[in-house]
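One structure below.
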Amino acid sequence: MTSRLGQALSATTLAAATVLGIWVVLSPFISVPGTMASSTSTPRAQSPFTFLVLLALCMLVIVANLETRRMDSKLVAVLGILVATNAVLRLVPGPAGFTAMLFLPILCGYAYGADFGFLLGALSFLVSAIVTGGLGPWLPYQMFSTGWMGMASACLPKLHRLGRLEVVPLALWGALLGLAFGVIMNLWFWPYVGDTGQSDMYWQPGTGTWETLGRYAAFYVTTSLWWDIGRAGGNLLLILLFGAPVLRLLRRFQRRFRFVTG
Amino acid sequence: MYHTVTWTLWLLACIVPAMLTKNPLYLVVLLAAVMVVYRILGGTSPTFGSWRLFLRMGLVLIAFSMLFTSLTAHHGQTVLLTAPSLVIRVQGVTFLRLGGDITLETLVYGLANGLNLMAILLVFATFNALVNHHRLLRSIPAFMYQTGVVTSIAVTFVPQLASSLTDLREAQAIRGHRFRGLRDLLPLFAPLLSGGLEKAVQLAESMEARGFGEVAQSSDRRRELVQRTLIAVAMFALMAGAFIYGYYSSRQWVGVLITAAGLSLLLGNLLAMSRRVRRSHYRRELWLPRDSLVSACAIVSMAAIGVIWLLDTESLAFYPYPQFTFPPFNPLVGLALLSAVAPVLAAPQQRT
Amino acid sequence: MIELQDVTYSYPESESPVVHNLSLKVREGEFLLVVGASGSGKSTLLRCLNGLVPHFHGGVLRGRIAVAGRDPVAEGPRGMSSVVGFVIQDPEGQFVVDSVEEELAFAMENHNVEQAIMRKRIEEVLDQLSIAHLRQRRVHTLSGGEKQRVAIASVLTLQPKVLVLDEPTSQLDPQAAEEVLTILQKLNADLGLTIVLAEHRLERVVQYADSMICLPGGGDAPIVGTPEEVLTQIDLVPPLVQVARRLKWQPLPLTIKAGRRFVPGVELQAPAPTPGTSRTMRHHGTPPVVRVSDLWFSYNGCEALRGVDLAVRKGEFVALMGRNGSGKTTLLRHLVGLLRPGRGMVELWGEDTSHRSTEEIAQRVGYVPQNPGSLLFADTLQQELQYTLRSHDLRGAKPELLLRSLNLEQYANVYPGDLSSGERQRAALAAILIAEPDLILLDEPTRGLDYRQKEILASFLSKQREEGKTILISTHDVELAARCADRVVILGEGQVVVDGPTRTVMSESMVFSTQINKLFRDNRFLTADDVLEAIAT
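Protein chains in written order, with the working numbering: chain A, -4 to 257; chain B, 944 to 1295; chain C, 659 to 1195.
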């Protein structure tokens, strides 16, 4: 009874954090009706800072929400080691800079639940940054998007019935997330590069928005489209080829060690 | 050299102005200060390669930003040259205009944007080179200790898993296995994962045997519910505040108030959660007088910039439009930014 | 200090109990040695002492347990953590923080110990285990023995009354194992710490133990008593005890020193071995399978091999020995092409291998690395073998035969991860040998194996040699080398120090010699079998 209420509360918090997070991430494109009135007195230069702070707050909320529950030592140890595995996978060079860092969060989120998926995704990038000394302004974006992807993968319906075909929808989902990851990761520096300094150009509804989108499209194609297609394809292939054995491994492990998640 | 907290304050004091201003003069001052700090204090850092990478990335971004802005933005009055233009229209709506008149203003603005990114990158790169990441990880607040332990375990196991990856690659080679495509990665990946999971069970045993997990009395379900409710309320307040601030410019202060309320609720709750964690913390780091000095410097600099910015949000902004004029320079801001070299001045004299 | 009464425990999803009606008493300050074959319930018994069984593993536990007056079943592992220190087998798998000093603090942090007390206890423990020089190090830079000492230190900071260790040395080489065991003996003698140790290297540790328990497994009653009493009743014993039991020496000697006293009274008849009959000589004239000439190699500036010359002929069984870092593994890795010579040449069957890929060399050379787990990845052992066959484009080999000769036939459809360490070692061997290589290279094949597993491995290797395979092993295990090898090559500082027939080399060495040889100091007797045969005649 109480635990169901607790889960509902937690889900609400996560939903709110997700909405705010997505709003923050997409805010350069959402035409804001009121901003016109304030004209140039809200210099856009402040927005990246606000974005970063809001995103960090969203993450803080999600983590705090997870911390209200006591995790047992198996969960902590398994998470820690899977995070390390995922961070190591980043060191394995793939074709065209492809890294397999979304593969495990997606599958683990799907098999072990939302909390697990979120922490695995978010912490993988943090650990990778700590190990390589690569803390940077993109880190909140990476952590939020990967964590969210792990979390969202838990919401997929359980596809056991499909048998061997179980991995096909998962692979498509992985490809989609691979693209989405690229789109989000461009946004951390888009407010700088994309800002023309003229607020009418950047924020005005109607034609201005279209032009903003057009500029973003041009930006996207020149910077990361090809990487993202590679990443999406890589995820698709990885999950198609290894999804089944890895899921088998994760489930076997869960049975063998009575390992409890979520 | 300095305490982790000192470096974190220094990072904040550098990153806040770096994100607030686009004035190239301020950015150049900040960049110079940060580079001096790196050159003098970070020369022997093991993350040297990482710093170079950040620098190179910054340079590429400056070039890209100038090119991209000048080709896609069409403002400013000082036309330098007219390039052939490309216009994409969808159903009569202009979707994209590339090229055309290239103005000095857009080039300068692109440069300012690029410098801005470069400053942010180098501030982080210098922080990376100077702070001890392991200590940084250890200073995670108490309410997040579980996440902290997860992260700490992961950092501990990365070298081990990386070397077992090498072992696995060799093990497959000696079985006559050739790596021909993606599919052949399974023999690498599966043992890495299953070996890791088995290690995790041992590790969990070892952690339990050392008393891990007996820290918070969260078995109290009601308290867990109260905490979750408070967090949910705080989250909604944050969201509502942000939306009101964004969409109702006439009532922005309402947004700010709601956000502040949500934030204080969240922080209060986190504080309460931290209090309930009965776990001590082993610290060997010493807080020296020079730490107080550098921290004070960082706080004063942050405060000065904050006050200047709040008094006049335009003071840090930079607009080259419609016609380029030389950016303004407030010596006070310059001084505040220059104080980022404090770690160098307060550092102990090196014997040569 | 420890009292178990009629303890019966079975793991969940298992019908038969692992531990059956076990009763045991351990006095304060006692050093208890726990032995038994793998799967006999050693680990389970140890985990009962701090509540990991049944709290962590589930299952049903009946009976009464008391440790230092507390009940692990009621208090669970966390509650018991201040009373019982618990160290596991794998030195790699028990670190939470990556710096030594902070790892030591972890347990105290969990118990909310004050900063000042933490400082004091860490200093104490660093000194007790002589690891003060390691305090600033990152754990992944430590050697296996150092890691295990840090692991012991990290539980001692809570000042437990009992220290429980589950085969802490099985993943270590002999020197590192010695370091760890010496520390344990010191802790027991100096601090009066009660120690419960599961260990299969009896010859190294049995003299320190006050009492011993043997769990035979399979529902038989455990044997409890002093080491002398227990050793007279069990099968798996060190060669010294084997011989002493046969010769009815009383009291049973546990050390070479004790055994030497009985030697003058023993009359053994055996023909003196003549060097000319060694197998090595018979193969002169055939081209060598392996020829290494003037091989040099360095790892980032550190010279691992400095002009090694070695020739191995067809059908020979050669043991490479030498201390850690003497270049044994480096040499083996050169033979299979995982490393390339810095200078000099490696020839296999008269052909220079410098332009051959590892995969090509692996067609005729089977190499089993130290950690067999890294080879295995498939869902079943059967699939594992099929995979090797596919990699080599081989068809029609007979996996069943090979599995039977390795005592693995009942595991053909088992997930390799579920096997015990000895079985896993043989599974890895099977995965390599299914391709029928002519040259077999093994790196430390007996690490972590108990006497029974070693025996299975040794007789399998002897059979392979009789079938005409050439075998080269790197090992610290003198008993294995004495039993199987024709020739021993001792490396030191990357150079060949000694190269000669096993019997000659071993009887002339004090370090690389077997218990029996040290006992009799006679080159006719290297293994227990040599002595037992001599008695029979």
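Positions of the beta carbon are idealized from the N, C-alpha and C atoms, including for glycine.
Not a single C-beta of chain B is nearer than 7 angstroms to the C-beta of residue 733 of chain C. By the Cβ rule, the stretch 1012 to 1019 of chain B does not count as touching the stretch 1094 to 1110 of chain B, because fewer than three pairs are nearer than 8 angstroms. As a beta-bridge residue in DSSP terms, residue 683 of chain C pairs with C/661. Exclusion of the five residues before and after residue 994 of chain C leaves 1016, 1019, 1020, 1023, 1025, 1099 as the residues of its chain whose Cβ lies within less than 7 angstroms of its Cβ.
The contact set of residue 1150 of chain B on chain C, defined by CB atoms closer than 7 angstroms, consists of 754 in chain order. Residue 14 of chain A and residue 102 of chain A do not touch by the CB rule: their CB atoms are close to 26 angstroms apart, not below 8 angstroms. In the same chain as residue 1071 of chain C, and ignoring 5 residues on each side of it, the C-beta atoms closer than 8 angstroms to its own belong to 1038, 1039, 1040, in chain order. Contacts between residue 1031 of chain B and chain A, judged by CB atoms closer than 8 angstroms, involve 209 in chain order. Runs of the alpha helix (DSSP H) spanning 4 or more residues and lying entirely within the stretch 1067 to 1130 of chain C occur at 1079 to 1091, 1109 to 1124, in chain order. For the stretch 709 to 720 of chain C, the beta-carbon criterion of a distance under 9 angstroms to any beta-carbon of chain A is satisfied by 714, 715, 716. A Cβ of chain C is located within less than 7 angstroms of the beta carbon of residue 1225 of chain B. At a Cβ-Cβ threshold of 7 angstroms, residue 97 of chain A and residue 172 of chain A count as neighbours.
In chain order, 945, 946, 948, 949 place their CB closer than 8 angstroms to the CB of residue 1234 of chain B, counting only its own chain and leaving out the 5 sequence neighbours on each side.
A distance of 7 angstroms or more separates the beta carbons of residue 1187 of chain B and residue 132 of chain A.
Per the C-alpha coordinates, the member of C/727, C/1081, C/670, C/1129 positioned closest to residue 716 of chain C is C/670. Between residue 979 of chain C and the set C/661, C/1089, C/1132, C/1114, the nearest pair of CA atoms involves C/1132. The beta-carbon of residue 748 of chain C is placed less than 7 angstroms from the nearest beta-carbon of chain B.
A straight-line Cα-Cα distance of about 5 angstroms links residue 826 of chain C and residue 747 of chain C.
Below the 8 angstroms Cβ cutoff, chain A contributes 1, 4, 5, 8, 60, 63 as neighbours of residue 1171 of chain B, in chain order. DSSP, reduced to helix, strand and coil, places residue 983 of chain B within a helical segment of the structure shown. With distances taken between CA atoms, residue 1130 of chain B lies nearest to B/1113 out of B/1097, B/1141, B/1140, B/1113. The beta carbons of residue 1104 of chain C and residue 974 of chain C sit about 19 angstroms from each other, so the pair does not count as a contact at 8 angstroms. According to the DSSP secondary-structure assignment, residue 1132 of chain C is paired through a beta bridge with C/978, C/1101. Only those residues of the stretch 1088 to 1115 of chain B whose C-beta falls short of 7 angstroms from the nearest C-beta of chain A are listed: 1089, 1090, 1092, 1093, 1094, 1096, 1097, 1098, 1100, 1101, 1104, 1105, 1108. Against chain C, the CB of residue 1145 of chain B has a partner CB under 7 angstroms away; the residue lies at that interface. By the neighbour-count definition (other C-beta atoms within 10 Å, threshold 16), residue 57 of chain A is a buried residue.
Along the stretch 1082 to 1113 of chain C, going in chain order, the ones with a CB nearer than 8 angstroms to a CB of chain B are 1089, 1090, 1093.
Listed as beta-bridge partners of residue 666 of chain C by DSSP are C/720. Counting of Cβ neighbours within 10 angstroms places residue 907 of chain C among the buried residues, the total reaching 16 or more. Judged by their CB atoms, residue 1024 of chain B and residue 1041 of chain B are not nearer to each other than the 7 angstroms cut-off. Non-local beta-carbon contacts of residue 1212 of chain B in its own chain, meaning distances under 7 angstroms to residues more than five positions away in sequence, involve 1170, 1173, 1174, 1177 in chain order.
Residue 47 of chain A and residue 1225 of chain B have their alpha carbons spaced roughly 31 angstroms apart. Under the criterion of beta carbons closer than 8 angstroms, residue 969 of chain B and residue 1012 of chain B do not qualify as touching, at roughly 19 angstroms.
Apart from the 5 residues on each side of it in sequence, residue 1275 of chain B sits with its Cβ closer than 8 angstroms to the Cβ of 1247, 1251 in its chain, given in chain order. Residue 68 of chain A is a Cβ neighbour of residue 1147 of chain B, given a cutoff of 7 angstroms.
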